[in-house]
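Position one of the sequence shown corresponds to residue 126 (our numbering), numbered consecutively onward.
Glycine is no exception: its CB is placed at the ideal position from the N, C-alpha and C atoms.
Since this is a predicted model, take the numbers as computed values, not measurements.
This report concerns only the one structure given below.
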Amino acid sequence: MAVTEEQIKNALKSVKYPGFSRDIVSFGLIKQIVSTDAETRVQLVLTTNDPAVPRAIKAEAENVLRGLGVLEPKVLIDIHAPPAGAGSSGVGATRIPGIKHVIAIASGKGGVGKSTVAANLAVALQNAGARVGV
126 MAVTEEQIKN ALKSVKYPGF SRDIVSFGLI KQIVSTDAET RVQLVLTTND
176 PAVPRAIKAE AENVLRGLGV LEPKVLIDIH APPAGAGSSG VGATRIPGIK
226 HVIAIASGKG GVGKSTVAAN LAVALQNAGA RVGV
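This is the structure:
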């Protein structure tokens with residue numbers, strides 16, 4: 126007897142998106158679930174540039190489906206790259222070698238002292254012994 130779509134969806138709630146505490150179901154990544162006596166197939170849609178994310182999700186989802194008694198689960202993942210110019214969401218963001226912390230100074234308008242705050246903060250941190258770059 127085939128596992129129901131609801132059972133599959135509930136089981137996939139245990140698959141966390143790498144780097145987040147939320148699961149792939151709550152993120153709305155499930156595009157289609159097909160469960161028959163012949164096959165069990167789950168199709169996901171991801172938006173990422175990090176190749177490790179789909180690999181991790183696929184492996185975890187397959188393990189969860191095997192736990193439901195599915196012998197040969199098929200997890201298909203459609204990957205869409207984020208739109209060009211989209212800001213970094215923190216997921217898969219690359220780190221700058223040798224840099225531990227980054228502080229960003231921002232405002233939605235001009236003339237509010239962003240450069241002054243950045244310069245004064247840099248001087249204060251350097252006086253406190255930190256290595257600083259602006």
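Problem - Reduced DSSP secondary structure (H/G/I, E/B, other) of Leu246 - result: Taking the sequence shown and counting its residues from 1, the one referred to as residue 246 is at position 121. DSSP places Leu246 in helix when its eight states are reduced to three.
Practice task
Please classify Ile228: is it buried, with 16 or more other beta-carbons within 10 angstroms of its beta-carbon, or exposed?
Solution key: Along the sequence shown, one-based indexing puts residue 228 at 103. Per the 10 Å Cβ criterion, exposed.
Practice task
Quick one: measure Cβ to Cβ for Ile155 and Leu171, integer angstroms, because I've assumed they're closer than 8 Å.
Solution key: Reading the sequence shown from its first residue, position 30 is the one you call residue 155. Reading the sequence shown from its first residue, position 46 is the one you call residue 171. That pair is no contact at about 11 Å.
Practice task
Entirely within the region 129 to 207 and at least 3 residues each: give me those beta strand (DSSP E) ranges in chain order.
Solution key: 155 to 160, 165 to 172 and 199 to 205
Exercise for the section: Starting from the Cα of Arg147, find the closest Cα among Ile182, Thr161 and Ser160 and give me that residue. Expected result: Within the sequence shown, numbered from 1, the residue matching residue 147 stands at position 22. The shortest C-alpha separation from Arg147 is found at Ile182.
Handout entry: C-beta contact flag for Val242 and Gln251 at 8 Å
Key = Here residue 242 corresponds to residue number 117 of the sequence shown, with the count starting at 1. Here residue 251 corresponds to residue number 126 of the sequence shown, with the count starting at 1. In this structure, Gln251 does not lie closer than 8 Å to Val242 by Cβ.
Exercise for the section: Would you mind giving the Cβ-Cβ distance between Val259 and Ala247, rounded to the nearest angstrom? I have them listed as a contact below 8 Å. Expected result: Here residue 259 is taken as the residue at index 134 of the sequence shown, counted from 1. Here residue 247 is taken as the residue at index 122 of the sequence shown, counted from 1. Val259 to Ala247, Cβ: 5 Å. Contact.
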